[in-house]
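Working notes, beginning with the structure itself.
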Amino acid sequence: MRWAGETGREPVTTPEIDHAALFAATPSPCLVLDPDLVIVDVNEAALEATGRSSGELVGQYIFDAFPDNPEDPDSDGMQNLDASLHRVLAFGERDTLAPQKYDIPVAHRSGVFEERWWSPINTPVLGPDGSVAWILLRVEDVTAFVRYRRSRHRQPRGELSEREEAMEAELYARARALQQLNEELRKAHARERQVAITLQEAMLHSPDLARHGDVAVRYLPAIGSLNVCGDWYDVVDLPNGRFTVAAGDVVGHGLEAAAVMGMLRSALSAAARAVEGSAKALEVLDLYARSVEGALATTVVKAVIDTVGRRIDYSSAGHLPPVLLHADGTCQWLDQATDPPLGARVQQAPRPQAGLPYDRGDTLVLYTDGLIERRDEDIDAGLARLGDALSKDSRLSPERLADALLARLGVTGGAGDDIALMVVRL
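Everything in the sequence shown is counted per the working numbering, starting at 12 for the first residue and increasing by one.
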């Protein structure tokens, strides 16, 4: 409700805005792409500019719908657009291109292309989790102007008016300034990413991990994030041939989540050395998390591995179950001691703990949800896919198994959520 102004006047209600109608009526050609660069919507101006129908474009990969002109091997429009779109996915920020020559297929004439020049702007639309959910590709068709300028340049220089010369000079200056600005932004992002990577590596540093040659770890931030995240892993050595492994996941992405992660990871590492058992350590961590802003609803799993008795004791605070991969390829899920995430209960309560034996050569795998969760898919499907992938590569070394697992699950280059992965050969 919007108020008309001074106190005492009647309130004025703002009518509902039909955003779909606004998009359809936008005079600039616009396409909406998903993170896989598939066209999910297109407005009337874009249909008119390309001579295509909605049915011909929606559902198509952008570069299948608009391929390169094979008769113009020097054109780099598609290459430049592809690079721009991936910058948007990587950085979550708007990317503007200088005018590009990008010919388009002529409708109903197979293999025939029409010369076109476009001025594109790619804008990210972020989802609730901060990742890029959609990309708005807006273009202006500047073909007529480019052809006019080309034709005018073929004429004697004296025939260009003073106004036309000034306009061309201004457009050229703007294009150069735009390219320079984009390059400076890319360099700034590269510096920010390097700082973020250094920070994350420092927070994930585990002194005891270096003493475990049979433990492989992987960390992949969410695509489009600043290369920092709230997921973590850790290894802590204990007396009498025991050591602990843990994995956790703070809600959210970016520097705030990474800061919370650093505090919780350090607290759990200290608790693991001070109290006996995984459940007791998580109870201490739960108490600490209640005093840390942003720590509630964090999930974490911790396991104590007794190399002498060949036994694993574990406890989970709302985290996905670790997997014990046997040498014969069978999988056993550690799901018998699962409790709510940190701070989920109104009052503190004891947490459950379970244990099981293992054989030499078995492999324990801990991970965070970014490894297996997929949009619009039940979590059980992701767990089944994980078990199947592990069964196929049970004889690989921990390092090779970690890489094979990421590849089989299609997340080698990252996913929509952060990923932390530990592969422990027992």
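Where is the CB? At the ideal position from N, CA and C, for every residue including glycine. What you are looking at is a predicted structure, and each value in this text was computed from that prediction instead of being measured.
Quick one: using the 10 Å Cβ neighbour count with 16 as the cut-off for buried, is residue i buried or exposed?
| i | result |
| --- | --- |
| PRO116 | buried |
| GLY3 | No answer is possible for residue 3: it lies beyond the span of the chain, which begins at 12 and ends at 437. |
| ALA338 | exposed |
| ARG284 | exposed |
| THR18 | A caution first: THR18 carries a pLDDT of 45, below 50, which makes its placement in the model unreliable, though a value can still be read off. It is exposed - the Cβ of THR18 has fewer than 16 other Cβ atoms within 10 Å. |
| GLY169 | Low confidence applies here, because GLY169 scores a pLDDT of 47, under 50, leaving its location unreliable; read the following figure in that light. The residue is exposed, with fewer than 16 neighbouring Cβ atoms inside 10 Å. |
| PRO81 | exposed |
| ALA199 | exposed |
| THR209 | exposed |
| LEU231 | buried |
| PRO218 | exposed |
| PRO84 | exposed |
| LYS403 | exposed |
| VAL422 | buried |
| LEU192 | exposed |
| THR341 | exposed |
| SER64 | exposed |
| ASP114 | buried |
| ARG436 | buried |
| TYR72 | exposed |
| ILE390 | exposed |
| ILE50 | buried |
To the nearest whole angstrom, what separates the beta carbons of residue i and residue j, a pair I think is in contact under 8 Å?
| i | j | result |
| --- | --- | --- |
| LEU394 | ILE383 | 6 Å |
| PRO363 | ASP350 | 6 Å |
| SER289 | SER326 | 4 Å |
| LEU48 | LEU108 | Not quite, the Cβ-Cβ distance comes to about 16 Å (not below 8 Å), so this is no contact. |
| LEU412 | THR374 | 7 Å |
| GLU294 | PRO361 | 7 Å |
| ASP140 | ILE430 | About 14 Å separates the two Cβ atoms, so there is no contact after all. |
| GLY398 | VAL334 | 7 Å |
| GLY366 | ARG322 | 6 Å |
| LEU407 | ALA415 | 6 Å |
| VAL246 | LEU220 | 4 Å |
| ALA328 | VAL311 | 5 Å |
Taking the alpha carbon of residue i as the point to measure from, which residue in the options has its own alpha carbon closest?
| i | options | result |
| --- | --- | --- |
| THR37 | GLU27, ASP45, GLU59 and VAL51 | GLU59 |
| VAL271 | ALA306, SER302 and VAL422 | ALA306 |
| PRO368 | GLN358, LEU336 and SER217 | LEU336 |
| GLY427 | ALA278, CYS240, LEU33 and MET433 | CYS240 |
| GLU151 | THR61, ARG197, GLY340 and ALA233 | THR61 |
| ALA308 | ALA355, MET433 and MET274 | ALA355 |
| PRO250 | SER121, LEU266 and VAL286 | VAL286 |
| HIS30 | VAL247, PRO46, ASP45 and ASN54 | ASN54 |
| ASP45 | VAL136, ILE28, ASP387 and HIS119 | VAL136 |
| ARG158 | MET433, ALA32 and LYS112 | LYS112 |
| TYR299 | GLN359, LEU33 and LEU196 | GLN359 |
| ARG98 | ARG385, GLU194, ASP114 and GLU267 | GLU194 |
| GLY372 | THR154, VAL434, VAL206 and ALA57 | VAL434 |
| THR154 | PRO110, ASP389, ASP87 and SER302 | PRO110 |
| SER86 | SER121, LEU68, ARG127 and ASP52 | ARG127 |
| LEU215 | ALA269, ARG197, ASP248 and GLN205 | ALA269 |
| SER405 | GLY381, ASP391, ALA392 and VAL376 | VAL376 |
| PRO332 | LEU432, ARG202 and LEU196 | LEU432 |
| GLU212 | ARG229, GLY70 and LEU196 | ARG229 |
| GLY70 | ASP106, PHE156 and ASP52 | ASP52 |
| VAL357 | ARG301, VAL143 and ASP391 | ARG301 |
| ASP106 | LEU196, SER121, GLY424 and ILE28 | LEU196 |
| ASP248 | MET274, ALA282 and ALA233 | ALA282 |
| GLY425 | PHE34, SER142 and ILE390 | SER142 |
| PRO352 | ASP324, LEU296, GLU388 and ARG385 | LEU296 |
7 Å is my cut-off, CB to CB: does residue i come that close to chain D?
| i | result |
| --- | --- |
| PHE156 | Of the protein chains in this structure there is only one, and it is not chain D. |
Consider the C-beta atom of residue i and the heavy atoms of the ligand FMN; say whether any pair is separated by less than 6 Å.
| i | result |
| --- | --- |
| LYS403 | No copy of the ligand FMN occurs in the structure displayed, which carries no ligand at all. |
- request: Taking 8 Å as the threshold, find out whether the region 128-147 comes into contact with the region 37-55 through three or more Cβ pairs.
  value: These segments touch.
message: Count Cβ pairs between the region 71-79 and the region 98-105 that sit closer than 8 Å; are there 3 or more?
response: Touching, no, given that fewer than three Cβ pairs across the two stretches are closer than 8 Å.
- prompt: Is there contact here, the region 315-326 with the region 249-262, by at least three beta-carbon pairs under 8 Å?
  reply: The region 315-326 is in contact with the region 249-262.
- prompt: Quick one: any contact between the region 88-99 and the region 126-135, if contact means 3 or more CB pairs under 8 Å?
  reply: Yes: at least three Cβ pairs fall under 8 Å.
- prompt: Would you say the region 211-229 touches the region 337-345, given that touching needs at least three Cβ pairs under 8 Å?
  reply: By the Cβ criterion, the region 211-229 is not in contact with the region 337-345, since fewer than three pairs of Cβ atoms, one from each stretch, lie closer than 8 Å.
query: What are the uninterrupted segments assigned as beta strand (DSSP E) that are 3 or more residues long and contained completely in the region 234-277, given in chain order?
result: The qualifying runs are 240-249 and 253-264.
- request: Could you tell me which uninterrupted beta strand (DSSP E) segments, each at least 3 residues in length, are contained entirely in the region 26-87, listed from first to last along the chain?
  value: Every beta strand (DSSP E) stretch that sits fully inside the region 26-87 and reaches 3 residues is listed by chain position as 41-44 and 50-53.
task: Note down, one range per segment and in chain order, each beta strand (DSSP E) of at least 3 residues found wholly within the region 305-381.
output: Fully enclosed beta strand (DSSP E) runs of 3 or longer: 310-317, 322-328, 334-336, 342-344, 365-368 and 374-378.
Completely contained beta strand (DSSP E) runs for the region 77-140, where each covers 3 or more residues: Whole beta strand (DSSP E) segments, 3+ residues: 128-137.
- request: Would you mind listing the beta strand (DSSP E) stretches within the region 389-434 that are 3+ residues and don't spill past its ends, in chain order?
  value: Counting only runs of 3 or more, we get nothing.
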